[in-house]
Amino acid sequence: FDSKGTVAKDYGVRAAPQTFLIDKSGVIIRRWYGRPSSDELRLAVEGLVRGT
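Okay, so the sequence shown: first residue is 2 according to our numbering, each after it adds one.
In structure tokens, the structure reads:
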């Protein structure tokens, strides 16, 4: 739990819910305001794994 809001500030969270796809280096690859559909999330993760 981010009780002091440190992580939220670091990633620029402005509202909840937000969903982030973050690569292994900690770089935000994709941000959704609200919840992505399962298809959107699956496609984004597959793209990250493929390197596209």
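Yeah, the Cβ is synthetic: ideal placement off N, Cα and C, and Gly gets one too.
Query	Result
Under the three-state reduction of DSSP, which class applies to Arg43: helix, strand or coil?	helix
Would you check if the distance between the CB atom of Arg32 and the CB atom of Phe21 is smaller than 8 Å?	yes
Give me the Cβ distance between Asp24 and Leu49, rounded to the nearest whole Å; I'm assuming they're in contact under 8 Å.	6 Å
Can you tell me where the alpha helix (DSSP H) with Val8 in it begins and where it stops?	Thr7 to Asp11
For Gln19, which option in Gly52, Leu42, Ser26 and Glu47 has the closest C-alpha, if you only look at C-alpha atoms?	Leu42
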